[in-house]
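In terms of this note's numbering, the sequence shown is residues 1 to 346.
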Amino acid sequence: MKPIRVLQWGLGAMGSGMARLILEKSGLEIVAAVDARPEYVGQDLGDVLKLGKSLGVTVTDKPETVLDKEAVDIVVIATTSWVKEQMADLTQIIKAGVDCISIAEEMADPWAQSPDLADELHALALEHGVALLGTGVNPGFVLDLLIVVLTGGNHTVERIEASRVNDLSPYGPTVMRTQGVGTTPEAFRAGVADGSIVGHVGFPESIHMISDALGLDVDRIEQSREPIISNVRRETPHVVVEPGMVAGCAHIGIGYRGDVEVIKLVHPQQIHPHLEAQETGDYIHIYGKPEIHMAIQPEIAGGIATMGITVNMISRVVAATPGLKRMIDLPVPAALMGASAYSRKA
Ligand code: NAD
1 MKPIRVLQWG
11 LGAMGSGMAR
21 LILEKSGLEI
31 VAAVDARPEY
41 VGQDLGDVLK
51 LGKSLGVTVT
61 DKPETVLDKE
71 AVDIVVIATT
81 SWVKEQMADL
91 TQIIKAGVDC
101 ISIAEEMADP
111 WAQSPDLADE
121 LHALALEHGV
131 ALLGTGVNPG
141 FVLDLLIVVL
151 TGGNHTVERI
161 EASRVNDLSP
171 YGPTVMRTQG
181 VGTTPEAFRA
191 GVADGSIVGH
201 VGFPESIHMI
211 SDALGLDVDR
221 IEQSREPIIS
231 NVRRETPHVV
241 VEPGMVAGCA
251 HIGIGYRGDV
261 EVIKLVHPQQ
271 IHPHLEAQET
281 GDYIHIYGKP
291 EIHMAIQPEI
301 AGGIATMGIT
311 VNMISRVVAA
321 TPGLKRMIDL
331 PVPAALMGAS
341 AYSRKA
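Written out as structure tokens, the structure is:
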């Protein structure tokens with residue numbers, strides 16, 4: 001079997017990790033790499049990834065020079081969170097006739113917030129015979145697909161409540177800023193009000209996906225963001241939080257059917273939660289017949305699992321029918337370990 005040929009677009013924290021993982025997989029091969037960072041352009045991918053060896057793949061900022069469906073089977077794009085911001089790149093990829101996986105949070109279910117853009121991408125993908133998927137650890141897996149799959153044996157589901165309690169300490173300055181870490185409670189509230197502090201990106205996408213998969217008819221989604229105020233000093237390489245300052249963002253998304261709360265997703269994210277004895281984990285509670293309670297401790301590691309699920313979906317997307325897909329539309333993800341994992345058909 002010939003390896004699936006991958007173009008890695010975006011070589012930041014996630015994209016470079018995905019590239020390293022792809023290089024470990026016998027059924028996958030990296031044939032091209034794109035990034036806009038001037039210090040990467042013209043470098044060999046092996047040097048950018050600090051592998052100590054050359055891969056014979058030169059990083060370019062001109063995707064049109066490498067987007068060739070005769071040479072590339074799939075693009076993995078890890079550049080932004082927003083559909084609107086990625087629209088031009090996705091359009092270029094689809095028009096080139098190449099399948100694509102995006103980890104932009106809003107791409108997990110673009111119908112949730114940008115139905116017109118989603119319809120446009122779907123129509124374009126059908127026209128060009130291309131499959132396009134949005135995925136990632138969350139949205140894309142923990143607070144949506146995993147919940148959907150857990151209901152697989154249920155007769156009824158009345159209500160779902162799930163939470164992901166995680167540690168933000170490994171992340172960089174962008175995440176600290178958009179989560180409001182290191183601000184005062186007042187500055188946090190002002191940041192939420194002016195949109196500079198967003199918390200988690202993905203609740204509308206996860207709730208829309210769960211509701212669609214189960215037919216729960218959610219017709220309204222509300223979100224709230226509250227500061228997690230620290231009682232102790234906390235510090236990472238990028239931020240210092242003194243007692244009384246904000247260590248993270250407690251973000252909640254609720255999906256209603258009429259006045260009934262049917263899906264509640266809770267995502268408190270903070271640096272060093274252990275300093276205040278906060279254990280991390282993923283928890284899913286499904287109320288119906290039967291009742292299900294699942295706990296994973298610690299939480300499924302965000303960065304590792306984003307790289308993993310994206311790479312693990314490559315063979316699923318290449319085998320899929322054309323169109324814009326969500327994780328609920330394709331065969332279940334599984335770690336790509338042996339040859340049979342690459343040959344399963346959608
Ligand atoms: P990053 O900032 O470390 O890397 C982004 C890279 O993309 C940079 O190297 C940048 O130069 C490059 N880039 C940006 N726009 C580009 C363009 N148009 N063309 C070429 N290169 C471009 O970010 P990251 O941590 O790797 O994450 C990437 C995105 O994925 C973020 O928006 C993040 O929020 C999202 N993400 C989603 C999930 C999920 O669960 N769905 C998980 C992790 C990250």
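Positions of the beta carbon are idealized from the N, C-alpha and C atoms, including for glycine.
Check                                                                                                      : Outcome
The segment 139–152 / the segment 279–297 touching (three or more Cβ pairs under 8 Å)                      : yes
Extent of the continuous alpha helix (DSSP H) run through Asp89                                            : Val83 to Lys95
Sequence-distant residues of its chain with Cβ nearer than 7 Å to Asn312 (five each side left out)         : Pro333, Ala334, Ala335 and Leu336
Any non-hydrogen atom of ligand 1 closer than 7 Å to Trp111 Cβ                                             : no
Of the residues Ala123, Thr80, Ala71 and Ala250, the one placed nearest Gly11, counting alpha carbons only : With the sequence shown as reference, residue 11 is identified as Leu, and Gly is not the correct amino acid for it. Comparing Cα positions, the closest option is Thr80.
Segment contact flag, the segment 101–112 with the segment 201–218, C-beta cutoff 8 Å, min 3 pairs         : yes
For Gly244 and Leu132, the rounded distance between their alpha carbons                                    : 45 Å
Residues near Ile4 in its chain [Cβ-Cβ closer than 8 Å; skip 5 each side]                                  : Gly27, Leu28, Glu29, Asp73, Ile74, Ile314, Ser315, Val318 and Tyr342
Limits of the unbroken beta strand (DSSP E) element including Met294                                       : Ile292 to Ile296
Cβ contact (3+ pairs, closer than 8 Å) linking the segment 12–22 and the segment 300–309                   : yes
Any 3 or more C-beta pairs closer than 8 Å across the segment 178–189 and the segment 276–284              : no
Nearest-angstrom Cβ-Cβ length linking Lys62 and Gly97, presumed shorter than 8 Å                           : Contact doesn't hold; Cβ gap of about 18 Å is too wide.
Contact test: Pro38 Cβ vs ligand 1 heavy atom, cutoff 7 Å                                                  : no
Inter-stretch contact at 8 Å, needing at least 3 Cβ pairs: the segment 220–230 / the segment 119–137       : no
C-beta contact flag for Pro173 and His238 at 8 Å                                                           : yes
Span separating the alpha-carbon of Asp167 from that of Ser211                                             : 28 Å
C-beta atoms of Ser206 and Leu117 nearer than 8 Å                                                          : no
Element boundaries [beta strand (DSSP E), containing Glu161]                                               : Thr156 to Asp167
Expected contact under 8 Å - CB spacing of Leu67 and Val57 to nearest Å                                    : In fact, because the Cβ distance is near 14 Å, the residues do not count as touching under 8 Å.
DSSP beta-bridge partners of Ser26                                                                         : Ser26 pairs with nothing; no bridge assigned.
Counted within 10 angstroms of its Cβ, other Cβ atoms place Pro268 as buried (16 or more) or exposed       : buried
Ala108 CB to nearest heavy atom of ligand 1 below 7 Å                                                      : yes
Classification of Ser54 by the beta-carbon crowding that lies within 10 angstroms, buried from 16 upward   : exposed
For Asp44: DSSP bridge partner residues                                                                    : Thr58
Distance cut-off 7 Å: Ala33 Cβ against heavy atoms of ligand 1                                             : no
Test item: CB-CB of Val31 and Val6 under 8 Å                                                               : yes
Neighbourhood of Trp9 by C-beta, 6 Å cutoff - its chain only, sequence neighbours within 5 removed         : Val34, Val75 and Ile77
Rounded straight-line distance, which links the Cα of Gly338 to that of Pro322                             : 26 Å
The beta strand (DSSP E) enclosing Asp362, as first and last residue numbers                               : Past the edges of the chain, shown from 1 to 346, lies residue 362, and the structure says nothing about it.
Those residues which DSSP pairs with Glu226 across a bridge                                                : Ala250
Unbroken beta strand (DSSP E) run spanning Glu127, endpoints                                               : Careful: Glu127 lies outside any beta strand (DSSP E), inside the alpha helix (DSSP H) at Pro115 to His128.
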